[in-house]
Amino acid sequence: MKEQKKRILVAPLNWGLGHATRCIPIINALLDNGFEPIIASDGVALALLRKEFPLISSIELPSYNVTYAKKGKNFKMKLLKDSPKVLKAVKEEKKAVKKIVEIQNIDGIISDNRLGVYSKKVPSVFITHQLNVLSGTTTWFSTKMHQKIIKKFNACWVPDTEGEINLSGILGHTESFDIATTYIGPLSRFEKKLVEPVNEILALISGPEPQRSLLVDKLLNELKHFNGKVILVKGLMEDEQTIQVMGNITVYNFMTSKLLEKTINESELVISRSGYTTVMDLAKLNKKAFFIPTPGQFEQEYLAERLTELGLVPSCTQDEFSIDKLDVLKHFEGLKAFDYTVDFGELFSLFKGE
Numbered sequence: 009m010k011e012q013k014k015r016i017l018v019a020p021l022n023w024g025l026g027h028a029t030r031c032i033p034i035i036n037a038l039l040d041n042g043f044e045p046i047i048a049s050d051g052v053a054l055a056l057l058r059k060e061f062p063l064i065s066s067i068e069l070p071s072y073n074v075t076y077a078k079k080g081k082n083f084k085m086k087l088l089k090d091s092p093k094v095l096k097a098v099k100e101e102k103k104a105v106k107k108i109v110e111i112q113n114i115d116g117i118i119s120d121n122r123l124g125v126y127s128k129k130v131p132s133v134f135i136t137h138q139l140n141v142l143s144g145t146t147t148w149f150s151t152k153m154h155q156k157i158i159k160k161f162n163a164c165w166v167p168d169t170e171g172e173i174n175l176s177g178i179l180g181h182t183e184s185f186d187i188a189t190t191y192i193g194p195l196s197r198f199e200k201k202l203v204e205p206v207n208e209i210l211a212l213i214s215g216p217e218p219q220r221s222l223l224v225d226k227l228l229n230e231l232k233h234f235n236g237k238v239i240l241v242k243g244l245m246e247d248e249q250t251i252q253v254m255g256n257i258t259v260y261n262f263m264t265s266k267l268l269e270k271t272i273n274e275s276e277l278v279i280s281r282s283g284y285t286t287v288m289d290l291a292k293l294n295k296k297a298f299f300i301p302t303p304g305q306f307e308q309e310y311l312a313e314r315l316t317e318l319g320l321v322p323s324c325t326q327d328e329f330s331i332d333k334l335d336v337l338k339h340f341e342g343l344k345a346f347d348y349t350v351d352f353g354e355l356f357s358l359f360k361g362e
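See below:
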């Protein structure tokens, strides 16, 4: 009799596309190691994973419905205002997961930053690159609360390296944390290809509204003055792909992983947010980049500033960006891939009771 595959619920947070895209290599590794992944998320994150894995079962979870403030200085206040809504969604999420575990016969859970996706009945893992959650003067509090949530899980996986040479800096490294933490190396769905550049610039946009739209408008206005071929991806997960040519700029609403991998490899420069998943992807592909952090998002501002100080990637605020800012690129090295491999078989052993 054929042994029943163990079913693992994979649930990324719907906050931009980063959490969903970095779960793609995890889902592929589960398939390679004989597990049956079940996808659970909401919004654009769920839409993206359904496009990537049309044959895998998927479930919609309650949405946190978080949006960004129009002005960066109001970011923290907006999050505080939204917190009752988030807490309510987490409560509903816990109820949903309880049912899913029973009805779907789930054997394990991998939650990428979804706070309520865990169960006492099965091994539950939390993926995060933020053991320290930066929030300005309240960093101590946001970090303490986040670590308290992580302790509800059996294990914590950090998509970075443990040593001094790493991508996440103080975000993913702390001495004051007593849960089983494993550094699994940077996660990326992409592979480096040796190809000749076709595009001078790829502008890659993602993240919640209204900041996503504000950056699209800003870049379209600035890049029309650039003397070279530009591809702009809006980060809108819609039913059908649309392509619009506007002078020197070709605009896509979204790209599948395969096309995006090809386009990044064929582009000399990537302009994007400094979200951690983007940083991991661009490092894997050895790309030169220019970062524009989401206004008011402390994590992205920290990553952009850190990589600028290290002489790897220049950056500036959204309000400050103009085409002239790209002149400094010649002074920066660009991102480089890490020589790091993870043994997924060993990593997944907790789902086998080993």
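All residue numbers in the sequence shown are consecutive under the working numbering, ending with 362.
C-beta atoms are modelled at their ideal positions from N, C-alpha and C, and glycine is treated no differently.
Since we're looking at a predicted model, the values are computed, not measured.
- Annotation: the continuous alpha helix (DSSP H) that includes residue 224 extends over 219-231.
- Taking a cut-off of 8 Å on C-beta distances, the stretch 240-252 does not touch the stretch 34-45, as fewer than three cross pairs fall below it.
- DSSP, read as helix, strand or coil, puts residue 305 in coil.
- Rounded to whole angstroms, the separation of the alpha carbons of residue 196 and residue 258 is 25 Å.
- Proximity of the stretch 178-197 to the stretch 286-300 meets the contact definition, three or more beta-carbon pairs being nearer than 8 Å.
- Nearest Cα to residue 269 within the set 176, 250, 192 and 205: 205.
- In this structure residue 130 touches residue 117 by the C-beta definition: roughly 6 Å separates them, less than 8 Å.
- Residue 19: not part of any alpha helix (DSSP H); member of the beta strand (DSSP E) spanning 15-20, first to last residue.
- Nearest to residue 171 by alpha-carbon distance, out of 357, 348 and 324, is 348.
- Between the C-alpha atoms of residue 208 and residue 355 there is a straight-line separation of about 39 Å.
- One alpha carbon belongs to residue 34, the other to residue 167, and they sit about 11 Å apart.
- DSSP lists 20 and 135 as the bridge partner or partners of residue 120.
- With distances taken between CA atoms, residue 175 lies nearest to 285 out of 285, 324, 351 and 322.
- Taking residue 306 as the centre and dropping the five residues before and after it, the same chain places the C-beta of 142, 143 and 144 closer than 7 Å to its C-beta, in chain order.
- Proximity of the stretch 218-233 to the stretch 322-337 meets the contact definition, three or more beta-carbon pairs being nearer than 8 Å.
- In the three-state DSSP reduction, residue 288 falls in the helix class (H, G or I).
- Here the alpha carbons of residue 255 and residue 235 stand approximately 11 Å from one another.
- According to the DSSP assignment, residue 33 belongs to no beta strand (DSSP E) but to the alpha helix (DSSP H) extending over 32-40.
- Around the Cβ of residue 232, a 10 Å sphere holds fewer than 16 other Cβ atoms; the residue is exposed.
- Taking residue 214 as the centre and dropping the five residues before and after it, the same chain places the C-beta of 24, 25 and 243 closer than 6 Å to its C-beta, in chain order.
- Residue environment for residue 317: exposed (fewer than 16 other C-beta atoms within 10 angstroms of its C-beta).
- Straight-line spacing of the CA atoms in residue 223 and residue 309 works out to 15 Å.
- Here residue 202 is exposed, its C-beta having fewer than 16 other C-beta atoms within 10 Å.
- Leaving aside the five residues that flank residue 237 on each side, the residues in its chain whose CB is nearer than 6 Å to its CB run, in chain order, 207 and 208.
- Residue 69 and residue 22 have their alpha carbons spaced roughly 10 Å apart.
- Around the C-beta of residue 339, fewer than 16 other C-beta atoms lie within 10 Å, and the residue is accordingly described as exposed.
- Residue 113 counts as exposed, since fewer than 16 other C-beta atoms from the protein chains shown sit within 10 angstroms of its C-beta.
- At a Cβ-Cβ threshold of 9 Å, residue 275 and residue 321 do not count as neighbours.
- Contact between residue 162 and residue 125 does not hold, since their C-beta atoms are separated by about 13 Å, which reaches or exceeds 8 Å.
- Secondary-structure assignment with DSSP links residue 252 through a beta bridge to 259.
- In this structure, residue 139 lies away from residue 147, with their beta-carbon atoms at least 9 Å apart.
- For residue 113, there is no enclosing alpha helix (DSSP H), as DSSP marks it with neither H nor E.
- Residue 188 and residue 164 have their C-alpha atoms roughly 6 Å apart.
- DSSP, reduced to helix, strand and coil, places residue 241 within a strand of the structure shown.
- With respect to the C-alpha of residue 334, the residue from 298, 211, 350 and 53 having the closest C-alpha is 298.
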